[in-house]
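One structure is given below, encoded as structure tokens.
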Amino acid sequence: MAKKEKRFKVKEEEGLGFGAIQIIVDTVTGVNYVAVGGVNPTGITPLLDHDGKTVIDLPGTSGR
Numbered sequence: 000m001a002k003k004e005k006r007f008k009v010k011e012e013e014g015l016g017f018g019a020i021q022i023i024v025d026t027v028t029g030v031n032y033v034a035v036g037g038v039n040p041t042g043i044t045p046l047l048d049h050d051g052k053t054v055i056d057l058p059g060t061s062g063r
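Residue numbering for the sequence shown follows numbering that gives the first Met the number 0, starting at 0 and increasing by one per position.
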């Protein structure tokens, strides 16, 4: 049986003392999320561009 690919992938991660910020991509919709957490995740929200629109990676791109 083929292994199912994970829906969410960590695109970027940066440590901040006892916490971290991650950019997570939904591989189905392409929507990017910002996740902020310490020992346990404490928040997640869609990542917005300079116009206030949701950042979406199009299929076949790295989103950059």
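Note that CB positions come from ideal geometry on N, CA and C, so glycine has one too. Bear in mind the structure is a predicted one, so any value in this text is a computation, not a measurement.
C-beta atoms of residue i and residue j nearer than 7 Å
i	j	result
Asp56	Gly14	no
Asn31	Ile22	yes
Val35	Ile20	yes
For residue i, the residue or residues it bridges with in DSSP
i	result
Phe7	Asp25
Val33	Ile22, Thr44
Leu15	Gly18
Rounded Cβ spacing between residue i and residue j (contact assumed at less than 8 Å)
i	j	result
Val33	Lys8	Not really, about 14 Å apart at Cβ, beyond 8 Å.
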